[in-house]
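Convert by adding 1180 to the 1-based position in the sequence shown; the result is the number in my numbering.
We put the CB at the ideal spot given by N, CA and C, even for glycine.
Keep in mind it's a predicted model, so treat the numbers as computed, not measured.
What follows is a single structure, written as structure tokens, with notes after it.
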Amino acid sequence: MRRDEALALVNELIKNKNLVKHHLAAEACMRTLARHFGEDEETWGLVGLLHDADYEITEKDPERHTLELGKILREKGVDEAIIRAAQSHSDASGVPRDTLMAKALYACDELTGLIVAAALVHPDKKLASLDVEFIMRRFKEKAFARGAHREMILTCEPELDIELKEFIGICLLAMQGIADDLGL
């Protein structure tokens, strides 16, 4: 699957524009992480772009999240490595996170939401105005962006061998690179 086909699929399945932006943010983070690890940016980017494409379909039945995605992507002939990495970010799927790509998605998925929330509380609401220290302070505030599961983000340290501060920096830079697409 090419990127344009993946984006068309996301736009077909996801009607909430903020969710589409989440897909774009995850794609940007995954591409940058692929570059960091010397991996294939296209493949990693597709995983980030597609990972929640079944969210609106499975919203009322979260146990099916990513399982429906797997069916949709298999019908379209998507590489099994991409499907498994995308599915593995949902604990309910039962698909193990046994590749670096899957582990990277798991850690960055929640971080994108934390970074967006940090931008929205900043006076100018722009990603360009954020730095790692600002996000680290928000990370430590348990009540801030409560839905961004810190324990998932923290898997960057044991699973990816990247310290939290560096991981936040990598993903912040990635998202700043597509700030216009994110409206931030």
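Quick one: complete alpha helix (DSSP H) runs, 4+ long, within the segment 1235–1259? Runs found: 1235–1238 and 1247–1255.
Simplified DSSP assignment, three categories, for F1161: Given a span of 1181 to 1364 for the chain in the structure shown, any question on residue 1161 remains unanswerable.
Exposed or buried, V1190, counting other C-beta atoms within 10 Å across all chains shown (16 or more means buried)? Buried, since its Cβ has 16 or more Cβ neighbours within 10 Å.
Does the Cβ-Cβ distance between L1193 and A1284 come in under 9 Å? No, they are not a contact pair.
Quick one: grab the DSSP three-state call for N1196. In the structure shown, N1196 sits in coil (DSSP, three-state: anything other than H, G, I, E or B).
If distances are taken between C-alpha atoms only, which option among E1260, E1248 and M1281 comes closest to T1238? The residue with the shortest Cα to Cα distance from T1238 is E1248.
Pairs of beta-carbons, one from the segment 1297–1316 and one from the segment 1336–1353, closer than 8 Å: are there three or more? The answer is yes - the segment 1336–1353 touches the segment 1297–1316, with three or more Cβ pairs under 8 Å.
Whole-angstrom distance between A1265 and H1231, CA atom to CA atom: Inter-residue distance for H1231 and A1265 is about 8 Å (C-alpha atoms, whole angstroms).
Counting Cβ pairs closer than 8 Å, one from the segment 1272–1284 and one from the segment 1323–1334, do we hit at least three? Under the three-pair Cβ rule at 8 Å, the segment 1272–1284 does not count as touching the segment 1323–1334.
Using 8 Å as the Cβ pair cut-off and three pairs as the minimum, do the segment 1200–1207 and the segment 1217–1232 touch? By the criterion of at least three beta-carbon pairs nearer than 8 Å, the segment 1200–1207 is in contact with the segment 1217–1232.
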